[in-house]
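To start, the structure itself, in structure tokens.
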């Protein structure tokens, strides 16, 4: 295993693993071969997510003979998002690459994604697009197409293939996002929220030859539920009152109009006590008031969170031209920070 004292590599490759013992030797060998063909140094963080098929022991054996392989062994099966986050917490490179362990992603495409990051300073994330996908049409392709269209239209991040695990990032983007639950499906959306400029490149895809797929058609329904969370997170995280309060007003307004109409009828001598419309109006007003109160509570919690030193409200870089650095030298600690920003 690579010692933390060794120089930081240029690239950190993160691969979540769950019961892939048959693929691991080929995976490590093919990643090593792909990275040997380009000049950047690298490390491979293989995160075992509580495998029960001998993958953990296989990783230990491979690490003993592979200095750039760093196994990360989770205590139990936590899920793909947690496995990726465990790898992200340990990356040391200035570029971060992710891919699956089933060898359906092509390791030889990793340099292609890295080259795009190196040559295009306007791109922070490169997402793979399995243009010629080698999966069953009904069980995998159709649910994926539905999910891609839903996510693209809801989040505004238009990609052909959200589900492709082969992606490359600049390190600051990875440092700004946190994964939990099943948010690994929405990394491009989270990256956009963190300020990333995203592009997509076609990559190769292979049919699975060993192991068993962990995905099914029920995944599409879970994506819809997670998508609600992501849309709320992207649009209303800083202003929950706009979400809950807006819904509350939409409920309370027709309820108030109904009660006003019934009041007019009452003033003209009509009996309104037995009308179902009275109950509807009262329920709408009460529900609207509850939603508005929930929004106010959310605003209070958001204020407390940020004022107590929670996650930053924004991410920014300060541009300082080289001539200003020369004419106005800063103190030592500030000079180091400025150099890092400009670089």
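Residue numbers (UniProt numbering): 1 to 343. Even glycine gets a Cβ: it sits at the ideal position worked out from N, Cα and C.
Item, Value
"For residue 227, collect the residues of the same chain with a Cβ closer than 7 Å to its Cβ; drop the 5 residues on either side in sequence, then sort them by chain order.", "150, 151, 154"
"Please specify which runs of the beta strand (DSSP E), each continuous and at least 3 residues long, are wholly inside the segment 230-307, giving them in chain order.", "none"
"Beta-carbon within less than 7 Å of residue 414's beta-carbon, same chain only, minus the 5 sequence neighbours each way: which residues are those?", "The structure shown does not extend to residue 414, since the chain is modelled only from 1 to 343, so the question has no answer here."
"Do you know how far the Cα of residue 284 is from the Cα of residue 242?", "18 Å"
"Can you tell me the Cα-Cα spacing of residue 188 and residue 124, whole angstroms?", "11 Å"
"Going by beta carbon distance, what residues of the same chain come within less than 6 Å of residue 231, once the five residues before and after it are set aside?", "154"
"Suppose you measure from the CA of residue 100 to the CA of residue 55; what does that come to, to the nearest Å?", "14 Å"
"My guess is that residue 71 and residue 46 are in contact by the Cβ rule of under 8 Å, so how many angstroms apart are they, rounded?", "5 Å"
"By the three-class DSSP mapping on this structure, what secondary structure does residue 198 have?", "strand"
"Skipping 5 residues on each side, what residues in its chain have a beta carbon closer than 6 Å to that of residue 130?", "161, 164, 205"
"Here's the rule I'm using: 16 or more other beta-carbon atoms within 10 Å means buried, otherwise exposed. How should residue 158 be labelled?", "exposed"
"So, for residue 10: in the same chain, excluding its five sequence neighbours on each side, which residues have a beta-carbon less than 8 Å away from its beta-carbon?", "40, 41, 42, 93, 94, 95"
"Does the pairing of the segment 102-120 with the segment 171-180 give three or more beta-carbon distances under 8 Å?", "no"
"Give me the residue from 291, 194, 203 with the minimum Cα distance to residue 251.", "291"
"From which residue to which residue does the alpha helix (DSSP H) around residue 13 run?", "Element bounds for residue 13: not the alpha helix (DSSP H) but the beta strand (DSSP E), 11-17."
"Can you tell me the Cα-Cα spacing of residue 299 and residue 191, whole angstroms?", "24 Å"
"Among the candidates 122, 78, 203, 121, whose CA atom is the shortest distance from the CA of residue 103?", "203"
"Sorted by chain position, which residues of the same chain lie with C-beta nearer than 7 Å to residue 402's C-beta, five sequence neighbours on each side aside?", "A query on residue 402 cannot be resolved here, the shown segment of the chain reaching from 1 to 343 and no further."
"Less than 6 Å between C-beta atoms, sequence neighbours within five positions excluded: which residues of the same chain meet that for residue 351?", "Nothing in the structure corresponds to residue 351, since the chain is present only between 1 and 343."
"Within the same chain, show all residues whose beta-carbon is closer than 8 Å to that of residue 194, passing over the 5 residues directly before and after it, in chain order.", "173, 176, 177, 315"
"Are the beta-carbon atoms belonging to residue 262 and residue 274 less than 9 Å from one another?", "no"
"Confirm, please, whether the CB-CB distance from residue 12 to residue 126 is below 9 Å.", "no"
"Using DSSP with H/G/I as helix, E/B as strand and the rest coil, what is residue 167?", "strand"
"Once you ignore the five residues that flank residue 120 on each side, which residues in its own chain have a CB closer than 8 Å to its CB?", "199"
"If you draw a straight line from the C-alpha of residue 301 to the C-alpha of residue 67, how long is it?", "47 Å"
"Pull the bridge partners of residue 46 from the DSSP assignment, please.", "15, 71"
"Near residue 186, what residues of its chain come up, given a Cβ to Cβ distance below 6 Å and the 5 sequence neighbours on each side ignored?", "230"
"Please state the DSSP three-state secondary structure of residue 205.", "strand"
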